Amino acid sequence: MAELERYEGQATIEKVAALCRRRGFVYPSSDIYGGLGSAFDYGHYGVLLKQNVKAEWQRSMVQEREDIVLLDSAIILHPQVWVASGHVSGFSDPLVDCRACKLRFRADHLDASACGRKPSKHPGETPDCDLTEARQFNLMFETSIGPVREEGSVAYLRPETAQGIFVNFKNVTSSLRVKPPFGIAQIGKSFRNEITPGNFLFRTREFEQMEMEFFVPPADAEKWYEYWIAERRRWYLGLGMRESHLRVRAHDADELSHYSSGTSDLEYLFPIGWSELEGIANRGDYDLTAHAGQSGTKLEWIGHDERYVPYVIEPAAGADRAALAFLVDAYDEEEVSGDQRTVLRLHPRLAPVKAAVLPLIGKDEGMVGKARTLYEELRAAMSAEYDDSASIGKRYRRQDEIGTPWALTIDGQTLEDDTVTIRDRDTLSQARIPIAGAVRLLQERLGEPWTPRS
Ligand code: GAP
């Protein structure tokens, strides 16, 4: 509760969304047409931030290990995939319509008193809404293949990346040097016709997932399930997420998906309260067995003296939701010398821009020349910016708001002794360093551990 109170004066979803729009991270989609509910377009800094989140995920899942390989499967798969996976019959939410106000709600999100006694849910505050019986509404987006829309042409936009991995199990095991325990990782777009999307990037109808299916001998499944819960928690903390904002919550038996014999959510303390950031599930042999049955292709591991259907442990994360959590976690407001400053204290590896090069006086040819030379050198090594507009204070504020960890300022002294000041976004400390070693110094700092303020 203390944490929620803290948020009241700091990050709210609205404040983070406003900063994202103002500074070119995320815009409402189709803005000039009035926007499309719960769809967003990423601007320059948002693209860089989300790319960094995905790159860090891939680094920890693939580059830093030798037991996980990559996949990028199609978004539109054979329709039978979704029959076997259980999505055609079971990927649905119960829906109720209100005959009076014509709105549609998830039945499991209304309490027994429903909308008549919850007028605030309705425009116009209709006090006597009249709900229909609940009916199941499938969340998959349907499309059709080919020029004629007919029964046999129906296909779906994938609602998760996981199934593309399961249906490639045979391809991967017969073409790559893998052996259980091993994993297949995939990052890509997924689509769900969510009935109640909302809270900015938290729940949208089009989003990116980062999923990894880890295939293990059945007897080892529990051990790997625990391993991946700990490992994924470590990943978020390693990227600076505050420990007090992250918790693991095991699903109760009645919450488990049809395929799961155990699921734990990593939950983040969003300003809306504790909510799922990522799910880690023990899917058993559900998926491989289901696809083997539907396709008629055996999906099993065959070793020298063994043959079995592996169990699957799945850490399933969302790139947009993780980006939102990192943004919320990093968002801070503070007073500096009587001025209010907003700052994104992003981990340097997640920050869209690592360093800004700022000539103190934008009209001074000497300073501009030195600054441009340093900038050219810096941007060959990392994402960097050059800015000679406005007052130095304004330029610092702008870099603070986009989360740039370091600013290198070229001033009169630079022209005399080839040193620059390096300003730290978080502590606001400034130090003079030789211009010659500046790029190397920042490269080293990017590789160092970083701790968020408490
Ligand atoms: N393959 C398992 C699976 O898809 P999920 O819990 O439905 O599990 C995994 O999704 C993650 O994908 C979630 O923890 C969340 O981060 C992200 N996610 C799911 N639906 C989302 C949505 N509508 N908008 C944004 N992110 C979403």
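Counting in my numbering, the sequence shown runs without a single skipped number right up to 485 at its last residue.
Backbone N, C-alpha and C fix where the C-beta goes; we use that ideal spot for every residue, glycine too.
Everything numeric in this text was worked out from a predicted model, so none of it was measured.
Is G66 helix, strand or coil when you go by DSSP?
Taking the sequence shown and counting its residues from 1, one reaches residue 66 at position 35. Of the three classes helix, strand and coil, the one that applies to G66 here is coil, per DSSP.
What are the start and end residues of each continuous alpha helix (DSSP H) run of 4 or more residues lying completely inside the stretch 90-133, in chain order?
Whole alpha helix (DSSP H) segments, 4+ residues: 110-115, 118-121.
Would a C-beta distance cut-off of 8 Å place A216 and I99 closer than the cut-off?
Your numbering for residue 216 matches position 185 in the sequence shown. Your numbering for residue 99 matches position 68 in the sequence shown. Yes, Cβ-Cβ distance for A216 and I99 is below 8 Å.
Check this for me: beta carbons of A438 and A387, under 8 Å apart or not?
Taking the first residue of the sequence shown as position 1, residue 438 is located at position 407. Taking the first residue of the sequence shown as position 1, residue 387 is located at position 356. Yes. Within cutoff.
Three-state secondary structure (DSSP) at W88?
The sequence position of residue 88 within the sequence shown is 57, counting from 1. In the three-state reduction of the DSSP assignment, W88 falls in the helix class, which pools H, G and I.
Answer with buried or exposed for G453, where buried requires no fewer than 16 other C-beta atoms within 10 angstroms of its C-beta.
Within the sequence shown, numbered from 1, the residue matching residue 453 stands at position 422. The amino acid occupying residue 453 in the given sequence is Ile; Gly does not appear at that position. Buried is the call here.
Around the Cβ of S151, are there at least 16 other Cβ atoms within 10 angstroms (buried) or fewer (exposed)?
Position 120 of the sequence shown, counted from the start, is the residue given in the question as residue 151. Annotation note: pLDDT 48 at S151 (below 50); position unreliable, no value reported.
Measure the CB-CB distance between V279 and R264 and report whether it falls below 8 Å.
Residue 279 sits at position 248 when you count from the first residue of the sequence shown. Residue 264 sits at position 233 when you count from the first residue of the sequence shown. In this structure, V279 sits near R264, with a CB-CB distance shorter than 8 Å.
Mind checking which residues open and close the alpha helix (DSSP H) that includes M398?
In the sequence shown, residue 398 corresponds to position 367, counting from 1. Note, M398: alpha helix (DSSP H), 396-410.
For P436, count the other beta carbons within 10 Å of its own beta carbon; 16 or more makes it buried, fewer makes it exposed. Which is it?
Taking the first residue of the sequence shown as 1, we reach residue 436 at position 405. By the neighbour-count criterion, in which 16 or more other beta carbons inside 10 Å mark a residue as buried, P436 falls on the buried side.
Nearest-angstrom Cα distance between W113 and S292?
Mapped onto the sequence shown, residue 113 falls at position 82. Mapped onto the sequence shown, residue 292 falls at position 261. Distance between the alpha carbons of W113 and S292 is about 20 Å.
Decide if Q430 is buried, meaning its Cβ has at least 16 other Cβ atoms within 10 Å, or exposed.
Position 399 of the sequence shown, counted from the first residue, corresponds to residue 430. Under this definition Q430 is a buried residue.
Cβ neighbour criterion (16 or more within 10 Å) applied to N202
Translated into positions along the sequence shown, residue 202 becomes position 171. N202 is exposed by the Cβ-count criterion.
Which residues does DSSP pair with Y58 in a beta bridge?
Within the sequence shown, numbered from 1, the residue matching residue 58 stands at position 27. Secondary-structure assignment with DSSP links Y58 through a beta bridge to D72.
Could you compute how far the alpha carbon of S460 sits from the alpha carbon of M92?
Taking the sequence shown and counting its residues from 1, the one referred to as residue 460 is at position 429. Taking the sequence shown and counting its residues from 1, the one referred to as residue 92 is at position 61. Going by C-alpha positions, S460 is about 35 Å away from M92.
Expressed to the nearest angstrom, what Euclidean distance is found between the alpha-carbon atoms of V119 and L405?
Residue numbering aside, residue 119 sits at position 88 when the sequence shown is read from its first letter. Residue numbering aside, residue 405 sits at position 374 when the sequence shown is read from its first letter. A direct Cα-to-Cα measurement between V119 and L405 gives close to 57 Å.
Work out the CA separation of A86 and E479 for me, nearest whole Å.
Reading the sequence shown from its first residue, position 448 is the one you call residue 479. Reading the sequence shown from its first residue, position 55 is the one you call residue 86. Straight-line spacing of the CA atoms in E479 and A86 works out to 17 Å.
Are the CB atoms of L319 and F200 within a distance shorter than 8 Å?
Numbered from its first residue, the sequence shown carries residue 200 at position 169. Numbered from its first residue, the sequence shown carries residue 319 at position 288. Yes.
Note down the Cα distance separating I106 from T235, rounded to an integer number of angstroms.
In the sequence shown, the residue the question calls residue 106 occupies position 75. In the sequence shown, the residue the question calls residue 235 occupies position 204. Rounded to the nearest angstrom, the two C-alpha atoms are 17 Å apart.
Kindly say whether S184, judged by its beta-carbon, lies nearer than 8 Å to any beta-carbon of chain B.
As a matter of chain content, chain B is missing from the structure shown, which is built from one protein chain.
Given 8 Å, three or more beta-carbon pairs between the stretch 127-140 and the stretch 70-87
By the C-beta criterion, the stretch 127-140 is judged not to be in contact with the stretch 70-87, since fewer than 3 inter-stretch pairs fall below 8 Å.
Give the secondary structure of F172 by DSSP, where H, G and I count as helix, E and B as strand, and everything else as coil.
The count along the sequence shown starts at 1 and reaches residue 172 at position 141. Coil.
Consult DSSP for G304 and reduce its assignment to one of helix, strand or coil.
The residue you call residue 304 lines up with position 273 of the sequence shown. DSSP places G304 in the strand class (E or B) of the three-state scheme.
Decide if R314 is buried, meaning its Cβ has at least 16 other Cβ atoms within 10 Å, or exposed.
What you label residue 314 is simply residue 283 of the sequence shown in a count that begins at 1. Burial call: buried.
Could you tell me the distance, in whole angstroms, from the CA atom of T440 to the CA atom of T373?
Residue numbering aside, residue 440 sits at position 409 when the sequence shown is read from its first letter. Residue numbering aside, residue 373 sits at position 342 when the sequence shown is read from its first letter. In this structure, the straight-line span from the alpha carbon of T440 to that of T373 is close to 20 Å.
Quick check on the DSSP output: the beta strand (DSSP E) that includes E182 runs from which residue to which?
On the sequence shown, position 151 is the one that residue 182 refers to. For E182, there is no enclosing beta strand (DSSP E), since its DSSP letter is neither H nor E.
What's the gap between the Cα of A312 and the Cα of N169?
What you label residue 312 is simply residue 281 of the sequence shown in a count that begins at 1. What you label residue 169 is simply residue 138 of the sequence shown in a count that begins at 1. Rounded to the nearest angstrom, the two C-alpha atoms are 22 Å apart.
Using DSSP bridges, identify the partner residues of N313.
Taking the sequence shown and counting its residues from 1, the one referred to as residue 313 is at position 282. For N313, the beta-bridge partners assigned by DSSP are G293, I344.
For S485, which residues in the same chain have their Cβ closer than 8 Å to its Cβ, ignoring the five residues on either side in sequence?
Taking the first residue of the sequence shown as position 1, residue 485 is located at position 454. Any reading at S485 needs caution, since the residue's pLDDT is 49, under 50, leaving its predicted position unreliable; the model's value is listed next. Once the five neighbours on either side are set aside, the close Cβ partners of S485 are R273.
On the three-state DSSP scale, how would you describe I464?
Position 433 of the sequence shown, counting from 1, holds the residue named residue 464. I464: strand per DSSP, three-state reduction.
Measuring CB atoms only, is the stretch 414-427 touching the stretch 384-398, in the sense that at least three cross pairs come out at less than 8 Å?
With the cut-off at 8 Å, the stretch 414-427 and the stretch 384-398 touch.
Going by the C-beta, is P228 closer than 7 Å to any heavy atom of ligand 1?
For the purposes of this step, residue 228 is taken as residue 197 along the sequence shown, with counting starting at 1. For P228, the CB falls within less than 7 Å of some heavy atom of ligand 1.
With 16 other Cβ atoms within 10 Å as the buried cut-off, status of S61:
For the purposes of this step, residue 61 is identified with residue 30 of the sequence shown, where counting begins at 1. Flag for S61 reads exposed.
Local Cβ density within 10 Å of Y64, reported as buried at 16 or more and exposed below that
In the sequence shown, the residue the question calls residue 64 occupies position 33. It counts as exposed.
Are the stretch 360-378 and the stretch 231-245 in contact at 8 Å, needing three or more beta carbon pairs?
No contact exists between the stretch 360-378 and the stretch 231-245.
Helix, strand or coil for Q217 per DSSP?
Stepping through the sequence shown from its first residue, residue 217 is reached at position 186. Note: Q217 maps to strand in three-state DSSP.
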